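Enquirer: Counting from 1 along the sequence shown, just add 119 to a position and that's the residue number in the numbering used here. For each residue, glycine too, the CB sits at the ideal point set by N, CA and C. Note that the coordinates shown come from a computational prediction; the quantities given were computed from them, not determined experimentally. Just passing along the structure, written as structure tokens.
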Amino acid sequence: MHKMNYWNLLGIEPTDDIRLIKRAYADKLKIFHPEEDPDEFSKLQEAYRQALSQAETAVVREAYGEPFRQLSWQQLRQARWADAPPSPREPAAGRFMELLTSLCADAARRSDPGEWQRLLKGEEWPLSLAPELHDEVLRLLKEQLPLPYEAWTGCNELFAWIEPDKLDELFDNDELIAMLEMLEYGGNWLSSRVRGDVLLGVRVCDALLSRGRQYTAMRNTEKAIACYDRIVALFGEVDAFRYKVVQAAADRLLCVKKLGDADREGEAREELWRIMCRAELRPGSDWREARRSVAEDWLSYILGMRDAEADPAEIISLCDELLALFDAAENPAILARVLFNKGVCYHLLGDDERQRAAYDELLRRFESTEYPDVQLYVAEALYNQGCIGERQGDEQGAIEFYTRVIDRFLGSIMQGLGSKEQDIAEVVVDAMGNLSALYVSLGRMEEAIALSEQAIERFGKSGHTEIRATVSSIMVNQGRIYAGLEKTEQALAAYNQVIDKFLKSKHETIRLNVAWALRNKALCCAELDRLEEAIAAGSQVAEQFENSKDGQILWVVSLALGRMATHYEELERWEEAIAACDRLINKFAGTDGLPTAPPSPDDEEEDILLEVARAMCNKSLYCDKAKQPEAGIAVGNLAIEWFIESDNEQIRKLVILTMERLAGHYIALSQWQEAIAVCKLAESWFGDSDNEEIRASLADIWLRQGDCYYEVGWYKDADAAYNKASKGHRRATTHYVKEAWRMVKEGWRSLW
Numbered sequence: 120m121h122k123m124n125y126w127n128l129l130g131i132e133p134t135d136d137i138r139l140i141k142r143a144y145a146d147k148l149k150i151f152h153p154e155e156d157p158d159e160f161s162k163l164q165e166a167y168r169q170a171l172s173q174a175e176t177a178v179v180r181e182a183y184g185e186p187f188r189q190l191s192w193q194q195l196r197q198a199r200w201a202d203a204p205p206s207p208r209e210p211a212a213g214r215f216m217e218l219l220t221s222l223c224a225d226a227a228r229r230s231d232p233g234e235w236q237r238l239l240k241g242e243e244w245p246l247s248l249a250p251e252l253h254d255e256v257l258r259l260l261k262e263q264l265p266l267p268y269e270a271w272t273g274c275n276e277l278f279a280w281i282e283p284d285k286l287d288e289l290f291d292n293d294e295l296i297a298m299l300e301m302l303e304y305g306g307n308w309l310s311s312r313v314r315g316d317v318l319l320g321v322r323v324c325d326a327l328l329s330r331g332r333q334y335t336a337m338r339n340t341e342k343a344i345a346c347y348d349r350i351v352a353l354f355g356e357v358d359a360f361r362y363k364v365v366q367a368a369a370d371r372l373l374c375v376k377k378l379g380d381a382d383r384e385g386e387a388r389e390e391l392w393r394i395m396c397r398a399e400l401r402p403g404s405d406w407r408e409a410r411r412s413v414a415e416d417w418l419s420y421i422l423g424m425r426d427a428e429a430d431p432a433e434i435i436s437l438c439d440e441l442l443a444l445f446d447a448a449e450n451p452a453i454l455a456r457v458l459f460n461k462g463v464c465y466h467l468l469g470d471d472e473r474q475r476a477a478y479d480e481l482l483r484r485f486e487s488t489e490y491p492d493v494q495l496y497v498a499e500a501l502y503n504q505g506c507i508g509e510r511q512g513d514e515q516g517a518i519e520f521y522t523r524v525i526d527r528f529l530g531s532i533m534q535g536l537g538s539k540e541q542d543i544a545e546v547v548v549d550a551m552g553n554l555s556a557l558y559v560s561l562g563r564m565e566e567a568i569a570l571s572e573q574a575i576e577r578f579g580k581s582g583h584t585e586i587r588a589t590v591s592s593i594m595v596n597q598g599r600i601y602a603g604l605e606k607t608e609q610a611l612a613a614y615n616q617v618i619d620k621f622l623k624s625k626h627e628t629i630r631l632n633v634a635w636a637l638r639n640k641a642l643c644c645a646e647l648d649r650l651e652e653a654i655a656a657g658s659q660v661a662e663q664f665e666n667s668k669d670g671q672i673l674w675v676v677s678l679a680l681g682r683m684a685t686h687y688e689e690l691e692r693w694e695e696a697i698a699a700c701d702r703l704i705n706k707f708a709g710t711d712g713l714p715t716a717p718p719s720p721d722d723e724e725e726d727i728l729l730e731v732a733r734a735m736c737n738k739s740l741y742c743d744k745a746k747q748p749e750a751g752i753a754v755g756n757l758a759i760e761w762f763i764e765s766d767n768e769q770i771r772k773l774v775i776l777t778m779e780r781l782a783g784h785y786i787a788l789s790q791w792q793e794a795i796a797v798c799k800l801a802e803s804w805f806g807d808s809d810n811e812e813i814r815a816s817l818a819d820i821w822l823r824q825g826d827c828y829y830e831v832g833w834y835k836d837a838d839a840a841y842n843k844a845s846k847g848h849r850r851a852t853t854h855y856v857k858e859a860w861r862m863v864k865e866g867w868r869s870l871w
């Protein structure tokens, strides 16, 4: 047989791993039956021998090096079978191996117990066979799995492999399963042994369960079902294994549900119920611990499906199965988790009413319980009910549920407790944060401040990362509340507290809150006319966070840089204002120097685009103030290239304002035609707009256009431009109308 052919027939890559070769051979035995497909079976055996020979040769080579062919026959045997003596084989041993090999090569004969009795009992074999052929015969027989019981008992009697009542210990789990899967071809002795020996039965049952779950993980559902069926067939009538059988039947039902076959699913469900009743694991029986263990296995599977983002409707169906089959109400922790996960799945499906019903059922049963595992789900159910109320616009209902969370659990939470208590504390502090924000939206500022201070006092020293993140959010929101009440000094103190406490944190949510605190600190400092401090805070935002990969943090950086430019504007430090705008533009274009491509509008970067457009517009103004028309022209044309096709109304307002300033820069350089071209481009893109601010900017552009026509002597065109500004657009501001009429009169006087 060609070298590659036997590896292909075994279904594995070339390897020196003898165990892997044996496992592949055992798997293929299930496919090629010696009587139904004798030719393929013979080829499989030959492939197995060839692969095993090559692997053993590699072992020899590793032990003795090259050239291993120069080794003596005895050395080769010693390398292959270390326990065998290095003496030449006796004639009796050679004859025995010849007869044994001939018997194994014939599928019909090796399945006949009588043939084995004739081989082993028909002649008086010398005792010297035992040490010489001890391992070689065992290896050869394992290659022929399965074999009749008489083959193993007779050979064991001759070669003394193991004590007669421990014959199964000759085989590993894979070999046992391979034999059990072909019971009709000589495995009955083993199945009886497995059923009668509890330790062996547990070993085989666990191996089959493990293999079934491996097949399930590999999405090989039919093979998984076959493993579970084997457990039911072997152990279904054995009392000692009833718990294992229920596990297998439950796992089988989970697999069948994946196939989408309603008839098979119904049969599997009936089979599971029948097995539970026979095993006395049905609801109401005394085997509560065993039933709970099976239910926990099922629940673990459900949670795994949720983590894998499986279909929520399928998960809900499994939860209902769990409640019906295992009477999860017997165990509060399981029932609470099932009801909670049903609520989560209904949330994923967008069904608020059923989500609320699941949480209501959980709260009805367990809101007053003191059991820690259940308390966590009670807290989360109350919190999620509050979130549902907010989504549905039911502010009073949301306030009620958030308050119930806080009143129910805040008093009992202590710092430094175990994971369950910390999880509850996390839910409580989230509820306090949401309730505070809800009070703000309703204008109940004093209540919001009081609740924020209570949360900070109670949880401000927590070492739990998620609680610290929520506390940092509450502190930032507290600063915003003070700012909204025009208590700027108190707002500044709140932001400084966030910065001092959390600046070095690596947690992304906390980093975002620190970025907001620094940016809002800059606003407060500006409000207090402390512009240098405001500039320093904005610069700190950029230096601390401009390399972040988080889109929200980068948006805050863009806001801080833009605000820093306006602070420089207030101080009339035009060069520094231009530099701040360039820093923003270059940062989010991802280039050095003058950028050539806009940032990608992904996620939060859509908001960053607006800040980039604003920076370009402001830079155009600062270039005018700094007497740098060339730089103003460059950034104005870049803004047109990037943003003129934008659908964002805010960006469109900035673009037309930038175009008006661009026309002004061209006019400053007496480049009248270029200025006129910009004005025409603006009219073509924005002439149909109904936005009042855009129409006002258009009026200003027409005034610029009229000035250009006037300068080049095109007085009628100038008159038309001035009239469009004054008459054609009633939404233009009064200032522009008066200015347009003044220019019209002056233009006509010059003609006369």
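Just to confirm the assignment, what range does the alpha helix (DSSP H) spanning VAL797 have?
Expert: From DSSP, the alpha helix (DSSP H) with VAL797 extends over 791-805.
Enquirer: Under 6 Å Cβ to Cβ from ARG349, same chain only, skipping five residues before and after it: list those, please.
Expert: Taken in chain order, the residues that qualify are LEU327.
Enquirer: If you drop the 5 nearest sequence neighbours on each side, which residues of the same chain put their C-beta closer than 7 Å to that of CYS267?
Expert: Looking at the sequence shown, residue 267 is not Cys but Pro. Same-chain partners within the cutoff: SER230, PRO232, TRP235 and GLY305.
Enquirer: Which of the three DSSP states, helix, strand or coil, is assigned to ALA815?
Expert: ALA815 falls in the helix class under three-state DSSP.
Enquirer: Out of ARG314, ASP156, LEU647 and ILE137, which one is the CA nearest neighbour of GLN169?
Expert: Ranking ARG314, ASP156, LEU647 and ILE137 by Cα distance to GLN169 puts ILE137 first.
Enquirer: Among residues of its own chain, excluding the 5 on either side of GLY130, which ones have a beta-carbon nearer than 8 Å to its beta-carbon?
Expert: Once the five neighbours on either side are set aside, the close Cβ partners of GLY130 are ALA143, ASP146 and LYS147.
Enquirer: Counting only the same chain and skipping the five closest in sequence on each side, list residues whose C-beta sits under 8 Å from that of ILE561.
Expert: Residue identity check: residue 561 is Leu in the sequence provided, not Ile. For LEU561, where only same-chain residues beyond five positions count, the Cβ hits under 8 Å are GLU514.
Enquirer: If you run the structure through DSSP and keep just helix, strand and coil, what is GLY552?
Expert: Here GLY552 sits in helix by DSSP.
Enquirer: Taking just the CA atoms, how far does ARG814 sit from PRO748?
Expert: Distance between the alpha carbons of PRO748 and ARG814: 25 Å.
Enquirer: Just to confirm my understanding: we take THR488, look at its own chain, exclude 5 residues before and 5 after, and list those with CB closer than 8 Å. What are they?
Expert: Closer than 8 Å at Cβ, skipping near neighbours: PRO451, GLN494 and VAL497.
Enquirer: By Cβ distance below 7 Å, which residues in the same chain neighbour TRP280 in space, the five residues on each side in sequence not counted?
Expert: Here the set comprises LEU257 and LEU289.
Enquirer: Does DSSP put HIS626 in a helix, in a strand, or in coil?
Expert: Of the three classes helix, strand and coil, the one that applies to HIS626 here is coil, per DSSP.
Enquirer: List in chain order: all unbroken alpha helix (DSSP H) runs of 4+ residues lying wholly within the stretch 652-700.
Expert: Listed in chain order, they are 670-689.
Enquirer: Terminal residues of the continuous alpha helix (DSSP H) containing TRP244?
Expert: That residue, TRP244, is in no alpha helix (DSSP H); it is neither H nor E in DSSP.
Enquirer: Would you give the residue range spanned by the alpha helix (DSSP H) that TRP761 belongs to?
Expert: That run of the alpha helix (DSSP H) goes 748-762.
Enquirer: On a Cα-Cα basis, can you pick out the residue from ILE575, ARG599 and TYR601 that is closest to THR589?
Expert: Closest by alpha carbon: ILE575.
Enquirer: Excluding the five sequence neighbours on either side, which residues of its own chain have a C-beta within less than 7 Å of the C-beta of ALA699, listed in chain order?
Expert: Excluding residues within five positions, the ones whose Cβ falls inside 7 Å are LEU680, MET683, ALA684 and TYR687.
Enquirer: Which class does ASP146 belong to by DSSP, given the choice of helix, strand or coil?
Expert: In the structure shown, ASP146 sits in a helix (DSSP, three-state: H, G or I).
Enquirer: Given this structure, state the Cα-to-Cα distance separating PHE151 from GLN164, to the nearest angstrom.
Expert: Whole-angstrom Cα-Cα distance: 10 Å.
Enquirer: Helix or strand or just coil, what does DSSP make of ALA745?
Expert: DSSP places ALA745 in coil when its eight states are reduced to three.
Enquirer: Is the beta carbon of LEU458 closer than 8 Å to that of ALA477?
Expert: Yes.
Enquirer: DSSP three-state label for GLU356, please.
Expert: DSSP places GLU356 in coil when its eight states are reduced to three.
Enquirer: LEU458 by DSSP, collapsed to three states: which one?
Expert: LEU458 falls in the helix class under three-state DSSP.
Enquirer: Whole-angstrom Cβ separation of ARG692 and SER739, contact assumed at under 8 Å?
Expert: The Cβ separation is near 17 Å, so there is no contact.
Enquirer: Can you name the start and end residues of the alpha helix (DSSP H) that HIS784 belongs to?
Expert: Segment 768-787, the alpha helix (DSSP H) holding HIS784.
Enquirer: Between ILE795 and CYS827, is the Cβ-Cβ spacing less than 8 Å?
Expert: Yes, Cβ-Cβ distance for ILE795 and CYS827 is below 8 Å.
Enquirer: Taking its Cβ as the centre, do 16 or more other Cβ atoms sit within 10 Å of GLY751, making it buried, or is it exposed?
Expert: Looking at its Cβ environment, which holds 16 or more other Cβ atoms inside 10 Å, GLY751 is buried.
Enquirer: Does the beta-carbon of GLN193 have 16 or more other beta-carbons within 10 angstroms, so that it is buried, or is it exposed?
Expert: Because GLN193 carries a pLDDT of 38, less than 50, the predicted location of this residue cannot be relied on, and no value is offered for it.
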